[in-house]
Amino acid sequence: MSQDVQSRPLTVLVVDDEEDLRDIMRRMLERRGFTALTAGDADAAIGACRDHDGGIDLLVTDLSMPGVTGREVAEQAAAMRPGLRVIYVSGLPKEVAVDKGMVDESARLLQKPFTTSALIEAVNDALKDEE
Numbered sequence: 001m002s003q004d005v006q007s008r009p010l011t012v013l014v015v016d017d018e019e020d021l022r023d024i025m026r027r028m029l030e031r032r033g034f035t036a037l038t039a040g041d042a043d044a045a046i047g048a049c050r051d052h053d054g055g056i057d058l059l060v061t062d063l064s065m066p067g068v069t070g071r072e073v074a075e076q077a078a079a080m081r082p083g084l085r086v087i088y089v090s091g092l093p094k095e096v097a098v099d100k101g102m103v104d105e106s107a108r109l110l111q112k113p114f115t116t117s118a119l120i121e122a123v124n125d126a127l128k129d130e131e
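Numbering (UniProt numbering), first residue to last: 1 to 131.
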């Protein structure tokens, strides 16, 4: 599923408690033609899932935020938006996150820090996997 062949821009919801990182990811995505929604916490993310009129194709969420895990955000968002694809971002390597029970082995995890090309590749892979 390529962004270039979509009839509407694909929409990505970015959830991170770090405002600077959230804004950087938003700009990375928008420069590549995606529509990016942002949320700084679980409540704002769930509000975006509930209130956004259009589709939300992908959730990119920080794995560890104050008071909530990215996994909890993803579960709540997916309950409202069935079929929602998810990428977790974390400073932890995936193996550590899996060992700690934070994510399943099958989860998509992008380790911080990452480049624009790494984010876009992860997004495209996540969208392609669900075709």
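Where is the CB? At the ideal position from N, CA and C, for every residue including glycine.
{"Asked": "Taking the C-alpha atoms as reference points, what is the distance between residue 111 and residue 99?", "Found": "15 Å"}
{"Asked": "Mapping the DSSP letters down to three states, classify residue 108 as helix, strand or coil.", "Found": "coil"}
{"Asked": "For a quick check, are the C-beta atoms of residue 56 and residue 84 less than 8 Å apart?", "Found": "yes"}
{"Asked": "Whole angstroms are fine: how far does the CA of residue 128 sit from the CA of residue 1?", "Found": "Summary for residue 1: the model assigns pLDDT 42, below 50, so the residue's position carries little reliability, and this model does not support an answer."}
{"Asked": "Nearest-angstrom Cα distance between residue 122 and residue 16?", "Found": "17 Å"}
{"Asked": "Going by alpha carbons, who is nearest to residue 73 out of 113, 51, 97 and 44?", "Found": "44"}
{"Asked": "Ordered along the chain, which non-local residues of its own chain (more than five positions away) have a Cβ less than 6 Å from that of residue 105?", "Found": "98"}
{"Asked": "Could you tell me the distance, in whole angstroms, from the CA atom of residue 40 to the CA atom of residue 12?", "Found": "14 Å"}
{"Asked": "Under 8 Å between the Cβ atoms of residue 86 and residue 108?", "Found": "yes"}
{"Asked": "Exposed or buried, residue 80, counting other C-beta atoms within 10 Å across all chains shown (16 or more means buried)?", "Found": "exposed"}
{"Asked": "Determine the direct distance from the alpha carbon of residue 66 to that of residue 120, and round the result to whole angstroms.", "Found": "26 Å"}
{"Asked": "Quick one: using the 10 Å Cβ neighbour count with 16 as the cut-off for buried, is residue 70 buried or exposed?", "Found": "buried"}
{"Asked": "For a test of the three-state rule: what should DSSP assign to residue 20, helix, strand or coil?", "Found": "helix"}
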